[in-house]
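Some notes on the structure that comes next.
Protein chains: 2
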Amino acid sequence: MQNYQPLKQYLADKRMLVEQALEQYLPQADTFPPLIHESMRYSVFAGGKRLRPVMVLMAAELCGKDNNSVAFAAAAVEMVHTYSLIHDDLPAMDNDDLRRGMPTNHKKFGEDTAILAGDALLTLAFQTMVDPQHCASWSPAAMLRATYELGSAAGSLGMLGGQVMDMQAERRQISPSELEYIHRHKTAKMIMASLRIGAILADANQAQLAALTTYGEKVGLAFQIVDDILDLEGTTEELGKNIKRDLKKQKSTYPSLYGISESKAMANNLINDAKISLQIFGEQARYFVQLADYIIARTH
Amino acid sequence: MQNYQPLKQYLADKRMLVEQALEQYLPQADTFPPLIHESMRYSVFAGGKRLRPVMVLMAAELCGKDNNSVAFAAAAVEMVHTYSLIHDDLPAMDNDDLRRGMPTNHKKFGEDTAILAGDALLTLAFQTMVDPQHCASWSPAAMLRATYELGSAAGSLGMLGGQVMDMQAERRQISPSELEYIHRHKTAKMIMASLRIGAILADANQAQLAALTTYGEKVGLAFQIVDDILDLEGTTEELGKNIKRDLKKQKSTYPSLYGISESKAMANNLINDAKISLQIFGEQARYFVQLADYIIARTH
């Protein structure tokens with residue numbers, strides 16, 4: 011049994027920077043009009059894992075830049091993630107009542123406000139990415155490239171494309187390649203982008219960028235397979251959301267297509283590939299390696 | 011009676027550039043996954059006035075830049091406008107069936123696809139704004155500033171703030187200052203931003219930027235007052251959307267607060283202020299002046 015304590019401490023430190031940056035870039039709850047700002051903050055501060063923004067910080071650090079100055083991009087990535095959850099949970103989409111152990115945004119604020127709060131978080135994410143005040147630390151050209159990366163990962167050829175396919179995949183048997191498309195786009199694209207954004211801002215070279223891209227792709231896919239397994243094997247208390255949702259929605263998942271033990275083997279292989287991809291960084295990438303193992307080991 | 015023929019030809023030429031740019035930046039309808047791309051294109055190419063993107067081109071031209079190279083920003087502004095219409099029309103929001111004489115996006119594609127298509131247009135707008143290929147024509151720093159402008163105008167302190175207040179204003183009497191807040195934020199902010207984006211990319215000086223900002227503010231507010239009047243006085247055939255929607259929703263409007271003739275006087279005053287604000291540009295601003303008059307004169 012691996013000792014994850016140092017990793018957990020490392021991630022907790024990074025997460026604190028993410029929380030500070032989110033606090034800095036999100037308007038206060040009483041900012042006019044308060045309803046939308048309360049709603050935005052409710053979902054952002056509902057206590058997620060902050061996996062994606064932490065990866066922005068980790069990638070920048072691995073490529074030689076300090077954490078503080080890249081925190082704005084980490085906050086932006088988390089805003090995009092939160093908006094996607096708010097819209098995914100809507101009655102017209104997944105129609106979920108519970109998220110991170112709390113009522114979903116539309117349950118708390120109503121459907122209209124939830125739609126607008128999601129829109130506002132997506133907008134604020136891009137606004138934060140291009141804020142000219144960051145030109146003091148970063149080249150405008152790198153900021154443009156990093157923002158373009160965020161747009162292409164989150165858009166209709168990325169995360170939203172996966173979301174549309176996922177929506178169309180309910181209540182019917184889908185092929186393994188369709189399922190891989192969905193997981194790759196719904197989840198892996200934004201994880202890859204998080205790593206690439208950190209690396210691009212830190213002026214990574216092509217080999218570094220390619221290595222982190224492969225790592226993100228493999229870990230992102232493994233992460234989603236583990237999510238499918240947890241939906242079957244976990245409990246509502248552990249996960250903070252309703253379980254067996256995929257079954258109820260007759261959604262195809264890795265376990266439903268391949269069985270649980272084959273799904274676990276596939277996730278393990280992906281994690282191994284992910285770890286190998288970072289060999290060029292040597293010992294510096296140790297937390298990335300441990301994080302990959304931890305993703306497989308997690309129960310929530 | 012003013013002869014609007016030269017203005018109409020001028021606007022038609024600009025609109026053609028906008029159409030070409032939208033065609034260039036929107037994925038083809040058969041791009042995978044086709045459902046979301048068909049849905050995005052359906053609303054973008056439903057034939058709007060293109061007022062906002064034309065203003066991007068006009069402002070850049072007034073400040074000395076040619077139209078073609080700024081067309082990407084015009085396309086981005088129109089994508090933001092279209093996304094806002096798709097989400098406004100949703101059942102949880104205004105619940106409208108008809109837009110520009112056609113079924114609204116959710117009527118045609120379903121609510122889930124309409125939400126995602128709106129999200130995708132908003133995302134693509136920002137992606138288009140920061141596309142590094144435009145660095146050949148524009149300075150990265152100006153691109154960042156222009157994109158920041160788009161974000162702040164469209165976000166929770168801009169258009170979305172107006173949208174939230176509008177939503178909360180239904181079925182109750184609101185104060186004149188609340189109504190002005192809504193119109194200023196829902197409509198004027200994006201019109202101001204369109205002009206400012208064109209000007210910023212064209213490296214306008216402070217006086218030029220301030221003049222165009224005032225013009226946009228006055229014209230934007232007048233435009234919305236005229237919209238309120240048309241909702242009462244126009245016909246469904248002329249407007250391509252259902253009329254007397256405000257009455258049905260018991261929404262406060264300029265005519266309901268001030269009466270029709272006082273509302274028309276207010277719009278006229280704003281249009282005069284708008285025209286005066288552009289005096290520093292002299293004869294070069296003639297199409298802006300005519301456009302201001304035309305906004306008052308329009309019936310649809």
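Chains A and B, in that order, are what the protein sequence lines are. Under the working numbering, the residue at position 265 of the first sequence is numbered 275, and the numbers go up by one with no gaps. Under the working numbering, the residue at position 27 of the second sequence is numbered 37, and the numbers go up by one with no gaps. Note that beta-carbon positions come from the ideal geometry of N, C-alpha and C, so glycine has one too.
- Listed along chain A, the residues sitting closer than 9 angstroms to residue 157 of chain B by beta-carbon distance are 136, 137, 139, 140, 154 and 157.
- Counting only residues of its own chain and dropping the five nearest sequence neighbours on each side, residue 198 of chain A has a CB closer than 6 angstroms to the CB of 227, 230 and 231.
- Nothing from the segment 293-304 of chain B brings a Cβ to less than 7 angstroms from some Cβ of chain A.
- Look at the segment 195-224 of chain B: it has no residue with a C-beta under 8 angstroms from a C-beta of chain A.
- Two segments are said to touch when three or more pairs of C-beta atoms, one from each, lie closer than 8 angstroms; by this definition the segment 185-205 of chain B does not touch the segment 108-122 of chain B.
- At least one CB of chain A lies nearer than 8 angstroms to the CB of residue 178 of chain B.
- Listed along chain A, the residues sitting closer than 8 angstroms to residue 50 of chain B by beta-carbon distance are 166.
- Taken through DSSP and simplified to helix, strand or coil, residue 103 of chain B comes out as coil.
- Excluding residues up to 5 positions away in sequence, 192, 195 and 196 lie with their Cβ nearer than 6 angstroms to the Cβ of residue 172 of chain B in the same chain.
- Three or more beta-carbon pairs separated by less than 8 angstroms link the segment 152-165 of chain B to the segment 203-215 of chain B, which places the two stretches in contact.
- Among the residues facing chain B, residue 92 of chain A is not included, as its CB has no counterpart in that chain under 8 angstroms away.
- For a Cβ distance threshold of 9 angstroms, residue set 121, 122, 125 and 126 of chain A lies close to residue 103 of chain B, ordered along the chain.
- Our two residues, residue 128 of chain A and residue 46 of chain B, have alpha carbons roughly 18 angstroms apart in a direct line.
- Neighbours of residue 34 of chain A in chain B, taken as residues whose beta carbon is under 7 angstroms from its own, are absent, since the nearest beta carbon is some 16 angstroms off.
- In the DSSP annotation of this structure, the continuous segment of the alpha helix (DSSP H) that includes residue 229 of chain B starts and ends at 216-243.
- In terms of Cβ geometry, residue 289 of chain B and residue 73 of chain B do not form a close pair [threshold 8 angstroms].
- When DSSP states are grouped into helix, strand and coil, residue 186 of chain B belongs to the helix group.
- In the DSSP annotation of this structure, the continuous segment of the alpha helix (DSSP H) that includes residue 286 of chain B starts and ends at 270-287.
- Counting along the chain, residue 47 of chain B sits inside the alpha helix (DSSP H) bounded by residues 44-54.
- Residues 287, 288 and 290 of the same chain have their beta carbon placed closer than 6 angstroms to that of residue 221 of chain B, with the five preceding and five following residues left out of the count.
- Excluding five sequence positions before and after residue 65 of chain A, the CB atoms of its chain that fall closer than 6 angstroms to its own CB belong to 204 and 205, given in chain order.
- Here the segment 76-84 of chain A makes no contact with the segment 297-310 of chain A; the two share fewer than three CB pairs at distances below 8 angstroms.
- For residue 234 of chain A, the number of other beta carbons within 10 angstroms of its own is at least 16, and it is reported as buried.
- One Cα belongs to residue 32 of chain B, the other to residue 280 of chain B, and the distance between them is close to 31 angstroms.
- With contacts defined as CB atoms closer than 8 angstroms, residue 96 of chain A and residue 102 of chain B fail to qualify as a contacting pair.
- Against chain A, a Cβ distance below 8 angstroms from residue 162 of chain B picks out 137.
- Counted as a single uninterrupted DSSP element, the stretch harbouring residue 60 of chain B is not any alpha helix (DSSP H), since DSSP gives it neither H nor E.
- For residue 50 of chain B, the number of other beta carbons within 10 angstroms of its own is at least 16, and it is reported as buried.
- About 14 angstroms separates the CB atoms of residue 169 of chain B and residue 86 of chain B; that is not less than 8 angstroms, and the two are not in contact.
- Leaving aside the five residues that flank residue 144 of chain B on each side, the residues in its chain whose CB is nearer than 7 angstroms to its CB run, in chain order, 82 and 153.
- Bounds of any alpha helix (DSSP H) do not take in residue 14 of chain B, whose DSSP letter is neither H nor E.
- Under the Cβ criterion (8 angstroms, minimum of three pairs), the segment 176-186 of chain B does not count as touching the segment 34-42 of chain B.
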